[in-house]
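4 protein chains.
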Amino acid sequence: MTAAAGLNAQQVTEYLDEVWPGVTSSMTIEEVADRRARLRMHVDENGLRPGGIVSGPVLMSLADSAVWAAIIGVLGDAAMAVTVTLTIHFLRPAPPGDVVAEAQLHRVGRRLATGDVLVYADGQDEPVALATVTYALPT
Amino acid sequence: MTAAAGLNAQQVTEYLDEVWPGVTSSMTIEEVADRRARLRMHVDENGLRPGGIVSGPVLMSLADSAVWAAIIGVLGDAAMAVTVTLTIHFLRPAPPGDVVAEAQLHRVGRRLATGDVLVYADGQDEPVALATVTYALPT
Amino acid sequence: MTAAAGLNAQQVTEYLDEVWPGVTSSMTIEEVADRRARLRMHVDENGLRPGGIVSGPVLMSLADSAVWAAIIGVLGDAAMAVTVTLTIHFLRPAPPGDVVAEAQLHRVGRRLATGDVLVYADGQDEPVALATVTYALPT
Amino acid sequence: MTAAAGLNAQQVTEYLDEVWPGVTSSMTIEEVADRRARLRMHVDENGLRPGGIVSGPVLMSLADSAVWAAIIGVLGDAAMAVTVTLTIHFLRPAPPGDVVAEAQLHRVGRRLATGDVLVYADGQDEPVALATVTYALPT
Chain A
1 MTAAAGLNAQ
11 QVTEYLDEVW
21 PGVTSSMTIE
31 EVADRRARLR
41 MHVDENGLRP
51 GGIVSGPVLM
61 SLADSAVWAA
71 IIGVLGDAAM
81 AVTVTLTIHF
91 LRPAPPGDVV
101 AEAQLHRVGR
111 RLATGDVLVY
121 ADGQDEPVAL
131 ATVTYALPT
Chain B
140 MTAAAGLNAQ
150 QVTEYLDEVW
160 PGVTSSMTIE
170 EVADRRARLR
180 MHVDENGLRP
190 GGIVSGPVLM
200 SLADSAVWAA
210 IIGVLGDAAM
220 AVTVTLTIHF
230 LRPAPPGDVV
240 AEAQLHRVGR
250 RLATGDVLVY
260 ADGQDEPVAL
270 ATVTYALPT
Chain C
279 MTAAAGLNAQ
289 QVTEYLDEVW
299 PGVTSSMTIE
309 EVADRRARLR
319 MHVDENGLRP
329 GGIVSGPVLM
339 SLADSAVWAA
349 IIGVLGDAAM
359 AVTVTLTIHF
369 LRPAPPGDVV
379 AEAQLHRVGR
389 RLATGDVLVY
399 ADGQDEPVAL
409 ATVTYALPT
Chain D
418 MTAAAGLNAQ
428 QVTEYLDEVW
438 PGVTSSMTIE
448 EVADRRARLR
458 MHVDENGLRP
468 GGIVSGPVLM
478 SLADSAVWAA
488 IIGVLGDAAM
498 AVTVTLTIHF
508 LRPAPPGDVV
518 AEAQLHRVGR
528 RLATGDVLVY
538 ADGQDEPVAL
548 ATVTYALPT
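Chains as they are written, first to last, in the numbering used here: chain A, 1 to 139; chain B, 140 to 278; chain C, 279 to 417; chain D, 418 to 556.
In structure tokens, the structure reads:
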């Protein structure tokens, strides 16, 4: 369960830019360490739903990516990891602006990796969403 | 548990266009009836992930919308309904092209509505994703 | 995606009795065919929660077993299959008496199998619970 | 989001014993504070599945109860709170013995409360299960 690869945020960003050009244009990988990752996304009006709050799919996408980044931080090469299942709870409306996801892996096995994510509107104490995500790992 | 409002696909489309201009530009609401809804989305290269398959957030967004459309079909006015929780299982890669979501509501209560969704790549028999979604209803 | 083994309800019951003596004492496997399984459980006062309704863990256990039975119906030998994740939505209170779970598999892959389940109070049209379950398969 | 009632572990135990006699016989509520709860359950051979590991429904039941206890700690009177949805990920086999659940609430609203839970085999560092649970609150 140790971080054999131990990539940091910059290394994960470079890796993702290589395997999926453009994917990091909408998100900043702020920190990756110790089976954790923190990602930040700026949400403008294109990412809002009626009522002027951040839309669900935007938060889901950020949560999904945060777990992916944490996995890459541990395994190094995991471009072909795919999401098996994602559960998200929307807890509070998120206003436009930055949203920040903090992912933590609770298991990185041979075939599956599972983590949870709390998503915050920047500067707020209470999360706007809670997610759990399982990835299938390439073998 | 009856469909008091009983909006059809065209009426749900007009309603959504009114409350959320542009939301139906990316999806076609093909059928709404009897606590069910079928939505179709054309996915081009912007909606793909590495490997050339439809990305997870695109499928989540479609599944979420399909349950929303079914709820509006039953209740009529439910613009302020918000997703409480969504669970999605990704079953198979979806190739670029059309994806079709078939949602069915299993409970429309006073405060919550819950449904499940199967998402298909157009023309295939086996689903690419399975989702369950709960909305909180305006009171 | 075909049922190579194609065990029927009686064969699945005999198989389970062998690998897990007693597991079928609380449930009857009524039907197994075509990636589906229907299980029945009689719930007496030990399985109730305050308010006199069937407790959540009882319904979860039944839903979990129904997917397992469907998998064994397809694969034959799957005693070592283990639940990876289970999501359950409780839709309505279930009165004491029989509850019936109807599981359908939507994917049986090499490593994972995923299905959904509707649970009914015997004789009612509307489900009391909706679940999705993913198992990891022995390799 | 403050703990208006602020019951501690002993008060929650007494409350549960009153509304659901016997429910605490299988679990010990070790700590309740600050929207958190820690519950311990001793699992003997009746709670095992083939392979000699703690069965899924036992872990689900414990996770569900841990969130319930945390809610009662905040709200005081919440016997009529009911689980709306529960998602559980099974991460590692749990050997027979004590299992400990640590629940944390991330939202206690007027109508819904949501928390997550990590379940540990006693004395181990890595969790055996991860769950998220949403309760509907009495109004």
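Glycine included, every Cβ here is placed at the ideal spot set by N, Cα and C.
Close CB contacts of Glu-184 of chain B within its chain, under the 8 Å cut and outside five residues either way in sequence, are with Pro-235 (chain order). Counting only residues of its own chain and dropping the five nearest sequence neighbours on each side, Val-362 of chain C has a CB closer than 8 Å to the CB of Leu-390, Thr-412, Tyr-413 and Ala-414.
Of B:Asp-237, B:Asp-264 and B:Arg-177, the smallest CA-CA separation from Val-206 of chain B is found for B:Arg-177.
Neighbours of Leu-364 of chain C in chain D, taken as residues at a C-beta separation under 9 Å, are given in chain order as Gly-473, Met-477, Leu-503, Thr-504, Ile-505, His-506 and Phe-507.
Distance from the CA of Ala-268 of chain B to the CA of Val-12 of chain A, rounded to the nearest whole angstrom, comes to 28 Å. Taken atom to atom, the span from the alpha-carbon of Gly-325 of chain C to that of Val-332 of chain C is near 6 Å. Of all residues in the segment 485-503 of chain D, none places a beta-carbon less than 8 Å from a beta-carbon of chain A. Following the DSSP letters along the chain, one finds Met-319 of chain C inside the beta strand (DSSP E) bounded by residues 314-321. Excluding the 5 residues flanking it on each side, Ser-165 of chain B has same chain C-beta neighbours closer than 7 Å at Met-180, in chain order. Between Leu-340 of chain C and Ala-372 of chain C, the beta carbon gap of about 10 Å keeps them out of contact (Cβ cut-off 8 Å). A Cβ-Cβ separation of about 12 Å leaves Thr-253 of chain B out of contact with Thr-410 of chain C under the 8 Å criterion. Residue-level contact check: Val-43 of chain A does not touch chain B, since none of the beta carbons of chain B fall below 7 Å from its beta carbon. Scanning chain B for C-beta atoms nearer than 8 Å to the C-beta of Asp-64 of chain A yields Gly-195 and Pro-196, reported in chain order. Taking 7 Å as the threshold, the shortest C-beta distance from Leu-415 of chain C to chain B does not fall below it.
Under the 10 Å beta carbon count, Gly-51 of chain A is surrounded by fewer than 16 other beta carbons and is classified as exposed.
Contact with chain C is found for Pro-467 of chain D, since one of that chain's Cβ atoms lies less than 7 Å from the residue's Cβ.
Distance between Glu-265 of chain B and His-384 of chain C, taken at the CA atoms: about 7 Å. Taking Arg-466 of chain D as the centre and dropping the five residues before and after it, the same chain places the C-beta of Ser-472 and Gly-473 closer than 8 Å to its C-beta, in chain order.
In the DSSP assignment, Ile-505 of chain D forms a beta bridge with C:Leu-364 and D:Ala-548. Below the 8 Å Cβ cutoff, chain D contributes Pro-467 as neighbours of Val-297 of chain C, in chain order. Secondary structure note for Met-27 of chain A: its beta strand (DSSP E) is the uninterrupted segment 27-33. Judged by DSSP secondary structure, Leu-276 of chain B falls outside any alpha helix (DSSP H); it is assigned neither H nor E. With contacts defined by Cβ atoms closer than 7 Å, Leu-230 of chain B and Asp-203 of chain B do not form a contacting pair. Chain-ordered, the chain C residues with CB closer than 7 Å to the CB of Asp-255 of chain B read Asp-394 and Leu-408. Linking Ile-168 of chain B to Ala-208 of chain B through their CA atoms gives a straight-line distance of about 8 Å. With fewer than 16 other beta carbons inside 10 angstroms of its own, Met-358 of chain C counts as exposed. Put simply, the backbone Cα of Ala-33 of chain A is about 8 Å away from that of Val-74 of chain A. Here Arg-36 of chain A is not near Gln-124 of chain A, since their CB atoms are 7 Å or more apart.
Boundaries for Val-345 of chain C: no beta strand (DSSP E) harbours it, while the alpha helix (DSSP H) harbouring it runs 334-353, taken from the DSSP string.
Boundaries for Gln-104 of chain A: no alpha helix (DSSP H) harbours it, while the beta strand (DSSP E) harbouring it runs 97-108, taken from the DSSP string.
Between Val-336 of chain C and Val-321 of chain C, the CB-CB gap stays under 7 Å. Assignment of Gly-161 of chain B by DSSP, reduced to helix, strand and coil, places it in the coil class. Between Pro-127 of chain A and chain D, the shortest Cβ-Cβ separation is below 7 Å.
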